[in-house]
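Visitor: With the working numbering applied, the sequence shown corresponds to residues -16 to 130, in that order.
Glycine included, each C-beta is placed from N, C-alpha and C at the ideal position.
Submitted below is the structure of interest, expressed as structure tokens.
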Amino acid sequence: HLHVTVDLATLDDAPGALPARAASGASLPVSLVRSWACDSALTRYVLSLGRKVLETSHTARTLTGTERRAKHLETGGLCQAAGCRRGPGDRLIPHHATPWARSRRTSLGDTVLFCEQTHHQLHHGATIRLKDGRWLDRDGWTDRPPG
């Protein structure tokens, strides 16, 4: 179980936002925190500026086992990035196409399976073309290719 503290401004890439912090106090890149959050169960704590807990909630951010199997059946167990052949036998990560922090929902239709390499590239700023021709970047669905 990892404990990470991150401001909403940091998740939104606001100028001057504070870095995410591990429980040890170490700074963490927000891209790493976003990547971890794709395949993690989260407990959310809303704090006041004085660090008083205002609200807490538990979230089911991840696919259930049945949903994971359904997504693997739908995709043939292959990474959905165009040109990628990683699949059965490789670890595939379910990714929220619409960032979960924005939508607060998990659905099969908005989940894309990526291999670890593609998932890493996406969270570090790459725009990914899917096998079905759609484009995705770390902010969600996009109509335009990179460049």
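Alpha carbon to alpha carbon, how far is Leu113 from Ser40? Give it in angstroms, no decimals.
Guide: For Ser40, the predicted structure reports a pLDDT of 48, less than 50, and the residue's modelled location is therefore unreliable. A value from the coordinates is still provided. Approximately 33 Å, taken between the alpha carbons.
Visitor: Report the rounded CA-to-CA distance for His107 versus Gly66, giving the unit in angstroms.
Guide: Going from the Cα of His107 to the Cα of Gly66 covers about 19 Å.
Visitor: Compare the C-alpha of Phe97 against each of Thr58, Asp(-10), Trp83 and Arg85 and name the closest.
Guide: Checked all of Thr58, Asp(-10), Trp83 and Arg85; the closest Cα to Phe97 is Thr58.
Visitor: Taking the alpha carbon of Thr85 as the point to measure from, which residue in Leu(-15), Leu(-9) and Val(-13) has its own alpha carbon closest?
Guide: Checking the sequence shown, residue 85 turns out to be Arg, not Thr. Nearest option by C-alpha distance: Leu(-9).
Visitor: Are Trp83 and Arg121 touching if we call contact CB-CB under 7 Å?
Guide: In this structure, Arg121 does not lie closer than 7 Å to Trp83 by Cβ.
Visitor: Can you have a look at Ser18 and say buried or exposed, based on whether 16 or more other CB atoms are within 10 angstroms of its CB?
Guide: With 16 or more other Cβ atoms within 10 Å, it is buried.
Visitor: If you count every other CB in all the chains shown that lies within 10 Å of the CB of Leu49, and 16 or more means buried, which is it?
Guide: The amino acid occupying residue 49 in the given sequence is Thr; Leu does not appear at that position. Exposed, since its Cβ has fewer than 16 Cβ neighbours within 10 Å.
Visitor: Just to confirm the assignment, what range does the alpha helix (DSSP H) spanning Thr110 have?
Guide: Careful: Thr110 lies outside any alpha helix (DSSP H) and carries neither H nor E.
Visitor: Using DSSP's beta-bridge definition, name the partner residues of Asp120.
Guide: Beta-bridge pairing links Asp120 to Gly123.
Visitor: Take the Cβ of Ala6 as the centre, count every other Cβ of all protein chains shown within 10 Å, and call the residue buried at 16 or more, exposed below.
Guide: Exposed, by the Cβ-count rule.
Visitor: Can you tell me whether His(-14) is helix, strand or coil according to DSSP?
Guide: Coil at His(-14), not helix or strand.
Visitor: Buried or exposed: where does Leu91 fall if 16 or more other Cβ atoms within 10 Å of its Cβ makes it buried?
Guide: Label assigned to Leu91: exposed.
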